[in-house]
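J.: Residue numbers (our numbering), protein chains in the order written: chain A, 5 to 379; chain B, 5 to 379. Handing you this structure, nothing more for now.
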């Protein structure tokens, strides 16, 4: 029965009229997107908004495209539950450029910001902030290879802001609670934004590279509460100044046209599902996989149970020598993107919003079948 | 006869099985792209390189996508005729971010760089350089609203580098000759790159936002000669350091996946045409339109004849009151994107690589017909 399941392949993707084998896409990002966003993108590449021109051949200042950016910005604010005291813009350069722009805009030479170190990306953010001012790392989970989220740390009221990373793609930890902070909170939500309801009003700034839960690579969302963090008193190059992009509605220069379009259609899909339903859906997928990891004697999880991410499930084989065989079985079952990050190894299944539970079931089936053969 | 021509519409674009009216796309950028690049993009959104996954759902570190970036970088170097002493990378943020990155990387606090001021973008580059060091504007055509390219200026040997803009999208001027420079030359070729053969070895740095002759919005090409300009002695944030992107082959962080893919297929098309043939093709289109502007008593060009751009043809109606009528005629004839930049007004026809001469002929036909009615 398990054997039969593990070899089951679904023929549901129709491409150029050819029935394709369904690939279960566990990629850590760029990652699976809702089919509607991809279909809308294909249609717009052919004829955008009835213009007779392709989406990628038209002025970003055309009224048809300005409507795309405006709707995407409005949807972000609606989904984060924030009002007119917040601005949302789409920039370029990924979260990595935000690691620089945040302290460049907000951290003066002699000021201090507090950072929580929960993994590679948090560490990079710390490093970049050090170019501009003083950094106080309030807590770190590096002592146990970032396998947990530190708790019970203190954020100094003298800090300009507190920076954290809500989900750690590489290690598979997620913050389900944010600390009470005496200073404005800045959060990198690149890999779990819109995977569950968040009260945006708890944050002075939220940012996210689009390419996990929100869209394709090529655009970065920045949501800022007006005047929440005092601007640093240094000269800021124009393209790196948040206020310039806010004042110009993400159109100071040519934006990443296609990426914002796909993001809009991903946001529309997220809204149609609803964030509470999205959280239930994501919880069901994660519960299914973690239950199998805990049950199956061949595998074990690598993260403290209370901090296990619903987005990125990290696990290993108890006998590393079996890893190659398991990857071969995954490949045969069209289970794609399961290799752990090159810096940590093992397995990682990313279960972003658009992944269906049937894909998680296919992975669980493969794990059961592997146990039958090797256990 | 002219009347008949001006109303001719071509039914050649097939979208979703519906025969569409051909729109003649004179957009200044994002702009017309070769049909092959759009078709390849649609196919890759459905199934990228036989992976069964969409181009925008797959890891940028998959071997299939790494091959895209590697081929695009190699094609750029081949088309610019440069060897292993040059690096080509694809960044984000448009030419506008380069206005900051160039002086941040190369212009020390007490050093001076020479800039040629030929329009809005050149002026922005000057402004940003001023954040980092001293700027010497060697010449400017601002006295005549940037309607010509200054000549016979002197570039000081004390300059760190000389910066110029090869084509001015807003004003319709183009540099067909570059000055003999005692210092390394940095050129913003955003709007005429790959429109004609260029000896890349004459430049220490060439950069270009993709969204005119080379691809869609969302990626920026930077080509740098190794060690040609000494690095400034300041700390440079990681994401703004050219060497980081070079050392990581445009993959320090997630690149703008889709935009680079479309760029690759645009570069393949450019190579298949050949740069000498491309120049002849672009010259023929520009000659056809400028000849009509000079012949037709209702219109006049706004640029010094020797500096007229082949990419952006700026012209006005001698009687501005007729402008609305002419735009209405253009609209009826499916001639799109002809409004001059909001800062200068009048008309602008952008004739980038992918525009066919039949589109220019359709515009010329409309101008003749307008003369018949109003002349």
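No residue lacks a Cβ here, since even glycine has one placed at the ideal position from N, Cα and C.
1) Give the residues from the stretch 155-170 of chain B that approach chain A closer than 7 angstroms (Cβ to any Cβ), ordered along the chain.
2) I'd like the span of the beta strand (DSSP E) that includes residue 385 of chain A, first residue to last.
3) Relative to chain B, which residues along the stretch 33-54 of chain A have a C-beta separation below 8 angstroms, given in chain order?
4) Have a look at residue 250 of chain A and residue 165 of chain A and give me their C-alpha separation to the nearest angstrom.
5) Put residue 100 of chain A into one of helix, strand or coil per three-state DSSP.
6) Does the beta carbon of residue 97 of chain A sit closer than 8 angstroms to a beta carbon anywhere in chain B?
7) For residue 381 of chain A, which residues in chain B fall below 9 angstroms Cβ to Cβ?
8) Let me know if residue 158 of chain B comes out buried or exposed under the rule of 16 or more other beta-carbons within 10 Å of its beta-carbon.
9) Unbroken alpha helix (DSSP H) runs of length 4 or more, entirely within the stretch 95-183 of chain B: which are they?
10) Return yes when the Cβ of residue 39 of chain A is within less than 8 angstroms of the Cβ of residue 261 of chain B, no when it is not.
11) Look at residue 267 of chain B and residue 98 of chain B and say whether their C-beta atoms are less than 8 angstroms apart.
12) Excluding sequence positions up to five away, which residues of its chain have a Cβ less than 7 angstroms from the Cβ of residue 48 of chain B?
13) Can you tell me whether residue 299 of chain B is helix, strand or coil according to DSSP?
14) Give a yes or no on whether the minimum CB-CB distance between residue 316 of chain A and chain B is below 8 angstroms.
15) Just to check my reading of the structure: residue 290 of chain B and residue 307 of chain B have Cβ atoms closer than 8 angstroms, yes? What is that Cβ distance to the nearest angstrom?
16) Under a three-way DSSP split, which group does residue 354 of chain A fall into?
17) Using a C-beta to C-beta distance shorter than 9 angstroms, which residues of chain B count as neighbours of residue 104 of chain A?
18) How is the beta strand (DSSP E) around residue 321 of chain B delimited, first residue to last?
19) When the Cα of residue 314 of chain A is compared with those of A:326, A:321, A:284, A:331, which residue comes out closest?
20) Are the CB atoms of residue 232 of chain A and residue 188 of chain A nearer to each other than 8 angstroms?
21) Determine, using beta carbons only, whether residue 361 of chain B comes closer than 8 angstroms to chain A.
22) Return the first residue and the last residue of the alpha helix (DSSP H) that residue 371 of chain B is part of.
23) Are there 16 or more other CB atoms within 10 angstroms of the CB of residue 181 of chain B, so buried, or fewer, so exposed?
24) In the structure shown, what three-state DSSP assignment does residue 249 of chain A receive?
25) Is residue 262 of chain B close to chain A? Criterion is C-beta to C-beta, closer than 8 angstroms.
26) Would you list the one or two residues that DSSP bridges to residue 91 of chain B?
27) Could you give the distance in angstroms between the alpha-carbon of residue 219 of chain B and the alpha-carbon of residue 45 of chain B?
28) The ligand NAP and residue 191 of chain A: does the residue's C-beta get closer than 7 angstroms to at least one heavy atom of that ligand?
29) Return the Cβ separation of residue 80 of chain A and residue 271 of chain A in integer angstroms, given the expectation that the two are a contact with Cβ distance under 8 angstroms.
30) Does the distance from the CB of residue 293 of chain A to the CB of residue 353 of chain A come in under 8 angstroms?
31) At a CB-CB cut-off below 8 angstroms, which residues of chain B make contact with residue 100 of chain A?
32) Can you confirm whether the stretch 112-124 of chain A touches the stretch 236-251 of chain A when touching is taken to mean that 3 or more C-beta pairs between the two stretches lie within less than 8 angstroms?
T.: According to the structure shown:
1) Within the stretch 155-170 of chain B, no residue qualifies.
2) This structure cannot speak to residue 385 of chain A, because chain A is shown only from 5 to 379.
3) Sequence-ordered contacts of the stretch 33-54 of chain A with chain B read 33, 34, 35, 36, 37, 42, 45, 46, 47, 49, 50, 51 [C-beta pairs closer than 8 angstroms].
4) The C-alpha of residue 250 of chain A lies about 20 angstroms from the C-alpha of residue 165 of chain A.
5) In this structure, DSSP gives residue 100 of chain A a helical state, which the three-state scheme calls helix.
6) Answer yes: the Cβ-Cβ gap between residue 97 of chain A and chain B drops below 8 angstroms somewhere.
7) In the structure as shown, chain A begins at 5 and stops at 379. Residue 381 of chain A is therefore absent and cannot be evaluated.
8) Residue burial is scored here from C-beta neighbours: residue 158 of chain B has fewer than 16 other C-beta atoms within 10 angstroms and is therefore classed as exposed.
9) Unbroken alpha helix (DSSP H) stretches of 4 residues or longer found wholly inside the stretch 95-183 of chain B: 98-110, 124-133, given in chain order.
10) Cβ atoms of residue 261 of chain B and residue 39 of chain A: not closer than 8 angstroms.
11) No; because the gap between Cβ atoms is not below 8 angstroms, this pair is not in contact.
12) Non-local beta-carbon contacts of residue 48 of chain B in its own chain, meaning distances under 7 angstroms to residues more than five positions away in sequence, involve 59, 265 in chain order.
13) Of the three classes helix, strand and coil, the one that applies to residue 299 of chain B here is helix, per DSSP.
14) Closer than 8 angstroms to the CB of residue 316 of chain A there is not a single CB belonging to chain B.
15) Contact between residue 290 of chain B and residue 307 of chain B is ruled out by a C-beta separation of about 11 angstroms, above the 8 angstroms threshold.
16) Strand, per DSSP.
17) Going along chain B in sequence order, the residues near residue 104 of chain A (Cβ under 9 angstroms) are 241, 242, 243, 244.
18) Note, residue 321 of chain B: beta strand (DSSP E), 316-321.
19) Minimum Cα distance to residue 314 of chain A is reached at A:284.
20) Yes.
21) When Cβ-Cβ separations below 8 angstroms define contact, residue 361 of chain B makes no contact with chain A.
22) Where residue 371 of chain B is concerned, the enclosing alpha helix (DSSP H) starts and stops at 361-378.
23) Under this definition residue 181 of chain B is an exposed residue.
24) If DSSP states are grouped into helix, strand and coil, residue 249 of chain A belongs with the helices.
25) Answer yes: the Cβ-Cβ gap between residue 262 of chain B and chain A drops below 8 angstroms somewhere.
26) Answer is B:228.
27) Their Cα atoms are separated by approximately 11 angstroms.
28) Of the ligands one can find in the structure shown there are none, so the ligand NAP has no counterpart to examine.
29) Indeed they touch by this definition, with Cβ atoms about 7 angstroms apart.
30) Yes, Cβ-Cβ distance for residue 293 of chain A and residue 353 of chain A is below 8 angstroms.
31) Within chain B, the residues near residue 100 of chain A are 242, 243, 256, 257.
32) In the pairwise beta carbon analysis, the stretch 236-251 of chain A is classified as touching the stretch 112-124 of chain A: at least three pairs are separated by under 8 angstroms.
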